[in-house]
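Chemist: My questions will all concern the structure given below.
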Amino acid sequence: MSEYERTDQRVPWREANPEAYAELKRTGGVIGHSSVLMVLSLSLIGTSLTLGYLHWPGWLETFARLGASGAAVGCGAIGLWRLVRALFRSVRAVLRTRRRGAEGKAQGKTVEESVPEAATAVGSS
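In case it helps, this note's numbering puts the sequence shown at residues 10 to 134.
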């Protein structure tokens, strides 16, 4: 028996499901990094828009704007991809944990049901 079963205390979810908790923690870090990439993307968009006011030669301004815009799109796409992937993994881990919990409860019920039947069979002999 575990310590929690002996003292009739409920086990905290994060201790009962370490894999799902680790995945959720990892998702928090990925959300932070994705936010940084999104802010960088917005900064690059602002830079791209600001370059029009510098009065550079036409080809240089076009090249700089395209570079800043491309970098903004790249940062935004990477940040969004990482965010969606991390959220998908977290949801999958939580669903997997719930499924395991439901299977464990179902197996526990079948064991509990079979024990009284075995006891009556032994008692009648």
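Ideal placement from N, C-alpha and C gives every residue a C-beta, glycine not left out. Please read all numbers here as calculations on a predicted model, not as lab measurements.
How long is the line joining the alpha carbons of Glu112 and Val48, rounded to whole angstroms?
Modeler: In the sequence shown, residue 112 corresponds to position 103, counting from 1. In the sequence shown, residue 48 corresponds to position 39, counting from 1. So the two alpha carbons sit approximately 43 Å from each other.
Chemist: Whose C-beta lies closer than 6 Å to the C-beta of Arg94 among residues of the same chain, with five residues either side of it excluded?
Modeler: Looking up residue 94 in the sequence shown gives position 85. No residues qualify anywhere along the chain.
Chemist: Could you have a look at Pro27 and say whether DSSP puts it in helix, strand or coil?
Modeler: Here residue 27 refers to the residue found at position 18 of the sequence shown. Helix, per DSSP.
Chemist: Would you decide whether Ala102 is buried or exposed? Buried here means 16 or more other CB atoms lie within 10 Å of its CB.
Modeler: Residue mapping note: residue 102 aligns to position 93 of the sequence shown, counting from 1. Residue environment for Ala102: buried (at least 16 other C-beta atoms within 10 angstroms of its C-beta).
Chemist: DSSP three-state call for Trp68: helix, strand or coil?
Modeler: Against the sequence shown, residue 68 aligns to sequence position 59. Reduced to three states, the DSSP call for Trp68 is helix.
Chemist: Quick one: using the 10 Å Cβ neighbour count with 16 as the cut-off for buried, is Thr36 buried or exposed?
Modeler: Here residue 36 corresponds to residue number 27 of the sequence shown, with the count starting at 1. Looking at its Cβ environment, which holds 16 or more other Cβ atoms inside 10 Å, Thr36 is buried.
Chemist: Can you find the residues in the same chain that come closer than 7 Å, C-beta to C-beta, to Arg109, ignoring five residues on each side of it along the sequence?
Modeler: Within the sequence shown, residue 109 is the residue found at index 100, counting from 1. Hits under 7 Å: none found.
Chemist: Give the secondary structure of Arg74 by DSSP, where H, G and I count as helix, E and B as strand, and everything else as coil.
Modeler: The sequence position of residue 74 within the sequence shown is 65, counting from 1. Three-state DSSP puts Arg74 in a helix.
Chemist: Does DSSP put Arg19 in a helix, in a strand, or in coil?
Modeler: Start at 1 with the first residue of the sequence shown, and residue 19 comes out as number 10. Coil, per DSSP.
Chemist: Going by C-alpha to C-alpha distance, which of Ser99, Leu51, Pro21, Ser78 sits closest to Ala31?
Modeler: As a first step, residue 31 must be located in the sequence shown, where it is residue number 22. Nearest C-alpha to Ala31: Ser99.
Chemist: I need the DSSP call for Leu60, collapsed to helix, strand or coil.
Modeler: The residue labelled residue 60 in the question sits at position 51 within the sequence shown. It is helical.
Chemist: Give me the Cα-Cα distance between Leu42 and Pro27, rounded to the nearest whole angstrom.
Modeler: As a working mapping, residue 42 is identified with position 33 in the sequence shown. As a working mapping, residue 27 is identified with position 18 in the sequence shown. First, the residue type needs correcting, since residue 42 is His and not Leu in the sequence shown. Straight-line Cα distance between these residues: approximately 23 Å.
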